[in-house]
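J.: Below is a structure I'd like to ask you about.
Residue numbers (our numbering), protein chains in the order written: chain A, 1204 to 1676; chain B, 1204 to 1676.
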């Protein structure tokens, strides 16, 4: 399958919703959403027993659907799917997303049905995503075959490949709260045809995608996954959460028949050798993707930490060093800039704990500008009861910690992360102060780990370091 | 120091605020907060140059402060502290919390000052918490020498020992958002006198405290810490985050002179041998404390998982099994209860993925009631776009997933955790559905890990298992 073949899934000229319906379900929600997103003139609803839905005409059969239409989204019960694929093929549509469940994931009876569907698709040359998935999202044209909230359609630079539907859907519900914005997202389901490798190759050339996060329970084709990753990670970072890594976990997957079946060490080897970053859990996947999709390649491994809490500086240092970064002595030039202003109680070292002094902003700028610091972590904490008082006096987070978004603009080539631990209102505020280009973490360890992942990806890519950054379990 | 000696810090009859002031700072905020919390008649402000603050009288010196007063909170600059301790001692006050910074944490000059303060305290028999701390919180009598938000005073069953002030303070800003409510919290600072062992022994006998979470950069006295932990963990769980575990992290601590100085393996040994649970990071500390402070001892290690997402069930299984739990086959009785109702596409196994069926509630109840399941994880996810539609139709989270708080009441002896990944509004809603006695996790791995910590603590305590549950880095 070529990249252009996949493109039609994301950029159809027109889409038929086969199984649109008037009561709750995907067939009800998806047409509403597409209409709201500006697709009213390009969405064709199909249902033999309804005339109109949400003010849109409903066609009795796929055959009646007018042009343009080059993608079908199939929502009918599993048993009807093979026949529906015949109708889709006869109508000349060559791309289908089958969201219906009840195929290979349920065992023998479903497997038989899936074989029938596969034959129908092959007969007509139809490319299929699914079955048992929720399709895809493309934020660049507001196209989604998933019922998602509006916030999930804010365009971003991360793309998602998820094996499972409902998981991928709920993931989209929360990512924007972490300031992780999406370019494209696909859920693969039972992978009758299109699998993670097809999507990886497509995303490799997608200009909107800066980093790819992937959730896998097993590879559709282990050998191909390896060669695909080798290609893709040379162009952009791929982060993977591979579950089913324990025998019990593997048994819990709905389809644990991949060619690398359950051999977790094999997966580790593939990921290491291809420079793929392996997350140990969902948080790790999200946190590291946010860093890799927004921050540039660091020039080296020297991390500068500016903090208003000594303890959080220590925690960040432990994690950074544990994952292979260096927290070097404070560069002389930074110390020089603070000399004369630092109160007696301040330890002028790295991590630089400025405590309740007014020096945070100055220290952060100095770190960002210093050539002997390769990346910076700003730990911006302040008790909320005190912050509320400061706000009453006209101060906000940028007044206290500096205009971080502006600092970043002045130092675009230096990776920067912000960690505002505390009350959610304060975190939200600091998230705005940091701006869209600076990732924000709720505690120091994930921030330090994500910076380490960034460093290791780039040293692997330029050949100076080993691949296979792996978050510990 | 006896437990009664420590009690006065938490339950003073009256408190003198030495260094109350009219402009921003601890001396400004703490009196306001104490007044708001009902302490107006028991708080005595001291400042030679002010007559009245916040409608409260201000005394020129400690000598003038009327009874009752058995605790002094010292907020004056470091250089004045030794003299102030003399005045406090002469007034007959035997407990002081020194919040001022500028002592041993800043090096030689501060060390000298600390020695002077220590001598003064000893001369008068004054017990001291601090210096360089923010004191303590007792939610049972609304007493706090820390400026905190109102939500942090909601009484709960976890108590906190933190070496650092601002960190402890900001931790209190966020815990209530995780439904972790506090009994008592102390920040220790430079530990001139009172250290973590004194507090551990006190909390051991505190009826409000069910679990103790502790942040340490180094032990004040390693041998005593070991013997203290041995005592305390036999009575209630202690969870520790020990930072400074790498050489760079240790060098970053303000005082790395403890008797176990930086030997992380020694700490690991102490924690293992005393059944102390070691967290690898802040999230782990919070997540496991929430579980240990609210859930009962499980009867065994058999975890039942009910989920609306197969993938999240797999992730939970991996983590649970990786940390020593068992995810056994689905008990026959549970399968029996679902027979006839389970749709064809449902795999009736453990983890039990009920998908979009109506069976979540029934399955969860069956798991909770089954004698062959020792603890239960309910993974309650649903795409938010769909949940909003359900809400319009009159359903809420309890309608879809069951009245989880009620289920817990019917099975009080079985540990239960809920994981509602997704939009924050949905998470908040499910957090309410779960009720105060059921901890809620934002993703499956932390939930499974916390259940494992619970199991390992109790098998260590009853002698059937090894101690030293340790979250991996």
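Glycine included, C-beta positions come from ideal geometry on N, C-alpha and C.
What in chain B is Cβ-close to residue 1470 of chain A, meaning under 9 Å?
T.: Ordered by position in chain B, no residue passes the 9 Å Cβ test against residue 1470 of chain A, which lies about 12 Å from the chain.
J.: Can residue 1622 of chain A and residue 1646 of chain A be called in contact, C-beta distance under 8 Å?
T.: Cβ atoms of residue 1622 of chain A and residue 1646 of chain A: closer than 8 Å.
J.: With a 10 Å radius around its C-beta and 16 neighbouring C-beta atoms as the bar for buried, classify residue 1463 of chain B as buried or exposed.
T.: Annotation note: pLDDT 42 at residue 1463 of chain B (below 50); position unreliable, coordinate value reported separately. With 16 or more other Cβ atoms within 10 Å, it is buried.
J.: Starting from residue 1548 of chain A, find everything on chain B with Cβ-Cβ shorter than 9 Å and list it in chain order.
T.: 1281, 1304, 1305, 1306, 1308, 1309, 1313, 1335
J.: DSSP state of residue 1578 of chain B, grouped into three classes?
T.: strand
J.: Can you list, in chain order, the residues of the segment 1373-1388 of chain A whose Cβ is nearer than 7 Å to any Cβ on chain B?
T.: 1373, 1376, 1377, 1380
J.: Determine, using beta-carbon pairs with one atom in the segment 1493-1513 of chain B and one in the segment 1543-1561 of chain B, whether at least three such pairs fall under 8 Å.
T.: yes
J.: If you follow the beta strand (DSSP E) that residue 1480 of chain B is part of, which residue opens it and which one closes it?
T.: 1480-1482
J.: Three-state secondary structure (DSSP) at residue 1237 of chain B?
T.: helix
J.: Tell me the rounded alpha-carbon separation between residue 1289 of chain A and residue 1390 of chain A.
T.: One C-alpha to the other measures close to 23 Å.
J.: Assign residue 1408 of chain B to one of two classes, buried (16 or more other C-beta atoms within 10 Å of its C-beta) or exposed (fewer than that).
T.: exposed
J.: Could you please give the first and the last residue of the uninterrupted alpha helix (DSSP H) stretch that includes residue 1318 of chain B?
T.: 1311-1327
J.: Hey, quick one: how far does the alpha helix (DSSP H) through residue 1562 of chain A stretch, first residue to last?
T.: First-last for residue 1562 of chain A: undefined, no H or E at that position.
J.: Quick check on the DSSP output: what are the complete beta strand (DSSP E) runs of length 3 or more inside the segment 1236-1281 of chain A, in order along the chain?
T.: 1246-1249, 1259-1262, 1274-1277
J.: Listing by chain order, which chain A residues have their CB less than 9 Å from the CB of residue 1420 of chain B?
T.: 1513, 1514, 1517
J.: Tell me, to the nearest whole angstrom, how far the beta carbon of residue 1234 of chain A is from that of residue 1259 of chain A; I am working on the premise that it is less than 8 Å.
T.: 6 Å
J.: Please report how far the alpha carbon of residue 1460 of chain B lies from the alpha carbon of residue 1448 of chain B, in whole angstroms.
T.: Reliability of the predicted coordinates at residue 1460 of chain B is poor, the pLDDT of 39 falling under 50, and the value obtained from them is presented with this limitation in mind. If I take the Cα positions, the gap works out to 14 Å.
J.: If we ignore side chains and look at the alpha-carbon of each, how far apart do residue 1316 of chain A and residue 1624 of chain A end up?
T.: 51 Å
J.: So what does residue 1669 of chain A bridge to, in DSSP terms?
T.: According to DSSP, which records beta bridges pairwise, residue 1669 of chain A is partnered with nothing at all.
J.: Measure from the C-beta of residue 1474 of chain A to each C-beta in chain B and report whether the shortest distance is under 8 Å.
T.: no
J.: Quick one: what does DSSP say residue 1306 of chain A is sitting in, helix, strand or coil?
T.: coil
J.: Am I right that residue 1326 of chain A and residue 1292 of chain A are in contact with their C-beta atoms under 8 Å? What's the rounded C-beta distance?
T.: 7 Å
J.: Please specify which runs of the beta strand (DSSP E), each continuous and at least 3 residues long, are wholly inside the segment 1408-1433 of chain B, giving them in chain order.
T.: 1414-1419
J.: Given a cut-off of 8 Å on the beta-carbon distance, is the pair residue 1301 of chain A and residue 1331 of chain A in contact?
T.: yes
J.: Below 6 Å CB to CB, which residues in the same chain sit around residue 1237 of chain B once its five sequence neighbours on both sides are set aside?
T.: 1246
J.: Spell out a yes or no on whether the segment 1416-1425 of chain A and the segment 1359-1376 of chain A are touching, meaning 3 or more CB-CB pairs, one atom from each, closer than 8 Å.
T.: yes
J.: On the criterion of 16 or more Cβ atoms from any shown chain inside 10 Å, does residue 1588 of chain B qualify as buried, or is it exposed?
T.: buried
J.: Are the Cβ atoms of residue 1533 of chain A and residue 1580 of chain A separated by less than 8 Å?
T.: no
J.: Once you ignore the five residues that flank residue 1153 of chain A on each side, which residues in its own chain have a CB closer than 7 Å to its CB?
T.: Given that chain A is displayed from residue 1204 to residue 1676, the structure contains no residue 1153 of chain A and the question cannot be resolved.
J.: On the three-state DSSP scale, how would you describe residue 1174 of chain B?
T.: Residue numbering for chain B in the displayed model covers 1204 to 1676; residue 1174 of chain B lies beyond these limits and cannot be assessed.
J.: Could you check where the alpha helix (DSSP H) with residue 1678 of chain A kicks off and where it finishes?
T.: In the structure as shown, chain A starts at 1204 and stops at 1676, and residue 1678 of chain A therefore has no counterpart that could be examined.
J.: Cβ closer than 7 Å: which chain A residues qualify as neighbours of residue 1486 of chain B?
T.: 1646
J.: Return the chain-ordered list of same chain residues with a C-beta closer than 8 Å to the C-beta of residue 1667 of chain A, the five sequence neighbours on each side being excluded.
T.: none
J.: Can a CB atom of chain A be found closer than 8 Å to the CB of residue 1350 of chain B?
T.: Yes, residue 1350 of chain B lies at the interface with chain A (some Cβ there is under 8 Å from its Cβ).
J.: Within the continuous alpha helix (DSSP H) that includes residue 1600 of chain A, where are the two ends?
T.: Where residue 1600 of chain A is concerned, the enclosing alpha helix (DSSP H) stretches over 1600-1604.
J.: Could you check the C-alpha separation between residue 1504 of chain A and residue 1663 of chain A for me, to the nearest Å?
T.: 13 Å
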